[in-house]
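Q:
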Amino acid sequence: MRAFSQSQALIAESVLLDSRLALFHEQEKWLAIADLHFGFELSQRVAGRLVPFWGMESIETRLSQLLYDYHPATLILLGDLVHDKNGAREFFSLVTRLREQCDVVLLAGNHDTQIKRLTADLRDSFTTDRFEFHHGDCEREQNGRIQIIGHFHPAATLHDGAGLRLKFPALVQESGCWILPAFSPWASGTEWIEREQGRIWLCTPNRILLVDRE
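Residues in the sequence shown are numbered consecutively from 32, following the working numbering.
Put into structure tokens, the structure is as follows:
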């Protein structure tokens, strides 16, 4: 694996991957993240599981740090905004605070069906000259743009040769589709099985590693 000296990597022209699981375009000034599953702990508590209330705070703290560091014009949230309807009120409160700092684009994911009726803000996709953003749970026609999606929660694993295995979120970069890691701290991710030859960028908390293909 090739390590980068800082917690970000230039993965394409003007496009930075941040180890905090976000993608930033230096010219178009958008910041994209996927799969917040905001309010996961609320849904678990409703189901009788006493999980701690740290996920929502972690998400907002990391988002605030990213907005402070990059000053994006637009924040794009690529679906699975909430885990289920139990997190809706807290999520829309978060969006209100985020919109004090930049425009926020909300894209619907398969976990968001219950909150669609609560707002007219949710859309299926968002496009720029080079990119089309959507959640990734449905196939879409190719339009010449690079698809940037979430949904799959990709991850990659480090091995030390002595049996130790450490799994981290990863960004998958295929020729026409980039798959973002899940932003939710509850989503450990699934080790990615390649559909085509591409790049896998493993994101540790402070370092990005480009996974060797050999």
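The beta-carbon is built from N, C-alpha and C at its ideal position, and this holds for glycine as well.
Mapping DSSP to helix, strand and coil, what is leucine 98?
A: Of the three classes helix, strand and coil, the one that applies to leucine 98 here is helix, per DSSP.
Q: What are the boundary residues of the beta strand (DSSP E) that threonine 159 is part of?
A: It is not in any beta strand (DSSP E) - threonine 159 carries neither H nor E in the DSSP assignment.
Q: Straight-line CA distance for phenylalanine 122 to valine 135?
A: So the two alpha carbons sit approximately 13 Å from each other.
Q: Does the count of Cβ pairs from the region 102 to 112 and the region 71 to 83 closer than 8 Å reach three?
A: Not touching, per the Cβ criterion.
Q: Please go through the same chain and pick out, in chain order, the residues whose beta-carbon is closer than 7 Å to the beta-carbon of leucine 41, but skip the five residues on each side of it.
A: Excluding positions up to five away in sequence, the list reads Leu47.
Q: Would leucine 129 and leucine 94 qualify as a contact pair, given that the criterion is a beta-carbon distance under 8 Å?
A: Cβ distance < 8 Å, so leucine 129 and leucine 94 count as in contact.
Q: Which whole runs of the beta strand (DSSP E) in the region 191 to 217 are 3 residues long or more, in chain order?
A: Entirely contained in the region 191 to 217, the beta strand (DSSP E) runs reaching 3 residues are, in chain order, 196 to 204 and 208 to 210.
Q: To the nearest angstrom, report how far apart glycine 207 and asparagine 237 are at their CA atoms.
A: Rounded to the nearest angstrom, the two C-alpha atoms are 28 Å apart.
Q: Whether or not the region 177 to 184 and the region 198 to 218 are in contact is what I'm after, with contact meaning three or more pairs of Cβ atoms, one per stretch, closer than 8 Å; do they touch?
A: Contact between the region 198 to 218 and the region 177 to 184 is present, because at least three Cβ pairs lie under 8 Å.
Q: If you draw a straight line from the alpha carbon of glutamate 30 to that of tyrosine 99, how long is it in whole angstroms?
A: Absent from the structure is residue 30, since the part of the chain shown begins at 32 and ends at 245.
Q: According to DSSP, is valine 82 helix, strand or coil?
A: Note: valine 82 maps to coil in three-state DSSP.
Q: Hey, out of Arg51, Leu202, Asn141 and Cys169, whose CA is closest to leucine 233's CA?
A: Here the closest residue by C-alpha is Leu202.
Q: Mind checking which residues open and close the alpha helix (DSSP H) that includes leucine 106?
A: Not the alpha helix (DSSP H): leucine 106 falls in the beta strand (DSSP E), residues 105 to 109.
Q: In three-state terms, what does DSSP make of leucine 129?
A: It is helical.
Q: Using a C-beta cutoff of 8 Å, does cysteine 208 count as contacting chain B?
A: Protein chains in the displayed structure number just one, and chain B is not present.
Q: Between serine 38 and aspartate 143, what straight-line distance do the alpha-carbon atoms span, to the nearest angstrom?
A: Rounded to whole angstroms, serine 38 to aspartate 143 spans 31 Å at the Cα level.
Q: Under 8 Å Cβ to Cβ from threonine 221, same chain only, skipping five residues before and after it: list those, please.
A: Closer than 8 Å at Cβ, skipping near neighbours: Phe183, His184, Pro185 and Ala186.
Q: What is the DSSP secondary structure of threonine 221, reduced to helix, strand or coil?
A: Correct three-state label for threonine 221: strand.
Q: Mind checking who leucine 62 pairs with in its DSSP beta bridge?
A: BP columns for leucine 62 point to Phe55 and Leu106.
Q: Locate the beta strand (DSSP E) running through valine 135, then write down its first and last residues.
A: Unbroken beta strand (DSSP E) run through valine 135: 134 to 138.
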